[in-house]
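Residues in the sequence shown are numbered consecutively from 1152, following my numbering. Ideal placement from N, C-alpha and C gives every residue a C-beta, glycine not left out. Computed from a predicted structure; not experimentally measured. Step one of this worksheet: look at the structure below.
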Amino acid sequence: MRAVPLRADRFSFELSAKELRVIIVGLREADQELEDWEFQTRTGFERSSMRALLEAIFKEEKWGQVYTYTLEFSAEEVQMIVAGLREADRKLEDWEFQTRTGSERSAMRAFHDEILAALNRAE
1152 MRAVPLRADR FSFELSAKEL RVIIVGLREA DQELEDWEFQ TRTGFERSSM
1202 RALLEAIFKE EKWGQVYTYT LEFSAEEVQM IVAGLREADR KLEDWEFQTR
1252 TGSERSAMRA FHDEILAALN RAE
């Protein structure tokens, strides 16, 4: 992953297909696992906003046709991705994590930390 701040509130991310899928899975699992009453409290965002971001990212996935993606995100969208990954990590049990995400928990945590570090470097 490579993150480039475009402005104070906008980033360009160069992502592998695997990294893009991790983002998609993290957002999807946060959406599915969090109850309505806890969603905004745990993520800091409205469910509809996270779903809109998930849908926009999902449209970019070419499923095996592209291996590197360059996508632009607002700072708020990057924070939403970080929240989705964090909540997927928090809500999924060890026995189900790899089956549901297709990723090792340690890999998702490392990717979460890498995105968060890119966001913090730009601030």
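Taking C-alpha positions only, Ile1175 is separated from Ser1257 by approximately 17 Å. When the alpha-carbon of Val1173 is set against those of Trp1246, Ala1268 and Leu1205, the nearest one is in Leu1205. Distance between Ser1254 and Ala1159, taken at the CA atoms: about 31 Å. Val1155 and Phe1164 have their C-alpha atoms spaced approximately 6 Å apart.
Straight through space, the alpha carbons of Ser1225 and Gly1235 are spaced by roughly 15 Å.
Beta-bridge annotation (DSSP): Thr1219 is paired with Ser1167. Straight through space, the alpha carbons of Trp1246 and Met1201 are spaced by roughly 26 Å.
Per the coordinates, the alpha-carbon of Asp1264 lies some 14 Å from the alpha-carbon of Arg1241. In the three-state reduction of the DSSP assignment, Ser1200 falls in the helix class, which pools H, G and I. Here DSSP, grouped into helix, strand and coil, assigns Ser1225 to strand.
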